[in-house]
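I have placed the structure first, in the form of structure tokens, so that the comments after it can refer back to it.
In the working numbering, the protein residues as written are 293 to 710.
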């Protein structure tokens with residue numbers, strides 16, 4: 293099985309989720325106190341802005357050998373499509389996973405924008421179609437549809453987008469969208485449709501993934517639970533005649549040369565979070581968050597916690613981030629060999645796309661690239677395997693540009709995407 297590694301761009305601040313951490317690389321972080329970074333007092337017109345810091349991470353991730361970067365879409369962060377457009381011309385091969393709600397744009401606008409982006413970048417856009425964390429969060433951005441109807445609308449959205457990619461005269465009449473003779477024309481028809489990712493543990497989310505997604509994304513947790521989600525979605529996909537759906541996993545990493553060093557860093561982050569009082573804050577807002585989040589918190593955090601190491605729920609798999617309110621909630625903690633072993637175990641369950649990152653994002657991208665990614669070099673999508681051990685130990689990757697959709701050239705105009 294081939295494997296891909298993406299990292300993350302912190303669109304809402306480098307240390308937004310790290311209580312007690314004084315590092316400041318932008319105006320998202322602790323604006324009430326003096327910062328340590330070049331952009332700590334951002335004003336319009338500054339020579340160096342927060343986007344420049346994100347550019348450093350993106351370029352660092354590419355140098356380190358990552359295939360792409362994930363951009364989380366929240367109410368309190370920079371807009372992913374804009375950021376990916378700004379950074380695409382500063383990188384060469386890096387793919388950008390842009391998360392968005394179907395409520396935020398029309399299928400036609402999404403198709404036109406994506407086709408333009410794909411043409412400009414050689415096919416480096418990936419879509420993460422999301423439906424919101426809770427009813428309250430969706431109402432805050434003007435989306436009044438109930439949970440399951442949002443997935444129904446998302447299904448129509450994907451159907452319409454594929455129609456525009458696949459025909460110059462697409463006609464459709466649905467519950468939420470309609471089209472009469474529209475479609476990509478001229479040079480825009482050369483563009484491949486982005487790969488489509490989605491997540492969610494509800495039945496509606498899994499049905500949407502089974503029918504429409506190229507990748508179903510999971511958050512790291514008990515490997516047995518991850519395996520069950522994979523089995524369930526694969527089984528659902530077979531109902532639609534789909535045998536090629538793939539799976540991704542999001543997990544942070546605290547990797548060091550020794551296990552003791554990694555655990556010391558995890559303890560430092562845990563102690564600072566507890567001292568800042570965020571545990572009580574996170575517990576108080578749990579009921580306002582998604583049912584999936586509530587279920588995970590009850591399963592892994594609703595117990596007596598005396599110290600950071602009470603939150604290891606499997607070898608090297610630490611639930612401490614979730615306990616102190618740092619998404620996605622889990623981290624692999626240990627020496628480099630142990631982290632590679634844990635990734636291998638998730639890979640054996642059927643995971644082929646890993647989203648891994650650490651704090652601070654820039655430095656940890658290099659650390660992961662130097663000590664973790666080389667162990668998977670021969671399995672990387674489009675990777676050139678070095679001819680000798682010396683090259684394997686030190687050289688970077690040389691990978692050809694590949695369309696993000698992974699489609700055969702004959703399929704690129706059909707709008708088919710799995």
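In this text, a Cβ means the ideal position worked out from N, Cα and C, and glycines have one as well. The model shown is predicted, which means the values in this text are computed figures rather than measured ones.
For the stretch 635 to 663, which segments carrying the alpha helix (DSSP H) assignment without a break, of at least 4 residues, lie completely within its bounds, in sequence order? 653 to 663
Burial state of residue 482 (16 or more Cβ within 10 Å): exposed
Rounded to whole angstroms, what's the CA-CA distance from residue 366 to residue 390? Just pull it up for me. 12 Å
On the DSSP letters alone, give me the boundaries of the beta strand (DSSP E) that residue 462 sits inside. 462 to 465
Here's the rule: buried if 16 or more other CB atoms are within 10 angstroms of the residue's CB, otherwise exposed. What is residue 465? exposed
Would residue 512 pass as a contact of residue 626 if the rule is Cβ separation under 8 Å? no
For residue 456 and residue 476, which I take to be in contact (beta-carbon distance under 8 Å), what is that distance rounded to the nearest angstrom? 6 Å
Test item: CB-CB of residue 642 and residue 544 under 8 Å: no
Look at the alpha carbon of residue 615 and the alpha carbon of residue 529, and state the distance between them as a whole number of angstroms. 34 Å
For residue 662, collect the residues of the same chain with a Cβ closer than 6 Å to its Cβ; drop the 5 residues on either side in sequence, then sort them by chain order. none
Alpha-carbon spacing of residue 376 relative to residue 496, whole angstroms: 29 Å
Taking the straight line between their C-alpha atoms, what separation do you get for residue 501 and residue 621? 22 Å
Under the rule that 16 or more other beta-carbon atoms within 10 Å means buried, what is residue 523, buried or exposed? exposed
Closest by C-alpha distance to residue 421, when choosing among 412, 407, 404 and 449: 449
If you draw a straight line from the C-alpha of residue 386 to the C-alpha of residue 499, how long is it? 30 Å
Under 8 Å between the Cβ atoms of residue 672 and residue 295? yes
Classify residue 632 as helix, strand or coil using the three-state DSSP reduction. helix
Whose C-beta lies closer than 6 Å to the C-beta of residue 299 among residues of the same chain, with five residues either side of it excluded? 353, 358, 361, 649 and 657
Please specify which runs of the alpha helix (DSSP H), each continuous and at least 4 residues long, are wholly inside the stretch 493 to 573, giving them in chain order. 495 to 504, 515 to 531 and 551 to 567
Span of the beta strand (DSSP E) around residue 296: 296 to 301
Which one or two residues does DSSP pair with residue 474 in a beta bridge? 462
Given this structure, state the Cα-to-Cα distance separating residue 460 from residue 525, to the nearest angstrom. 33 Å
For residue 669 and residue 633, what's the separation of their Cα atoms in angstroms? 15 Å
Return helix, strand or coil for residue 401, following the three-state DSSP convention. helix
Who are the Cβ neighbours of residue 373 in its own chain at under 6 Å, not counting the five residues just before and after it? 390
Just how far apart, CA to CA, sit residue 510 and residue 480? 33 Å
At which residues does the beta strand (DSSP E) containing residue 419 begin and terminate? 417 to 421
Using the Cα positions of residue 336 and residue 439, report the straight-line distance between them to the nearest angstrom. 38 Å
Going by the DSSP bridge assignment, what does residue 490 pair with across the sheet? 508
Which same chain residues, not among the five before or five after residue 408, have their C-beta less than 8 Å away from its C-beta? 480 and 483
Between which residues of its own chain and residue 345 is the CB-CB distance below 6 Å, once the five residues before and five after are set aside? 317 and 318
To the nearest angstrom, report how far apart residue 445 and residue 469 are at their CA atoms. 8 Å
I'd like to check one pair, residue 492 with residue 423: are the Cβ atoms closer than 8 Å? yes
Taking all protein chains shown into account, decide if residue 289 is buried (16 or more other Cβ within 10 angstroms of its Cβ) or exposed. Outside the displayed range of the chain (293 to 710) lies residue 289, so it cannot be described from this structure.
In angstroms with no decimal places, state the Cα-to-Cα distance between residue 398 and residue 473. 16 Å
What did DSSP end up calling residue 359 once you bin it into helix, strand or coil? coil
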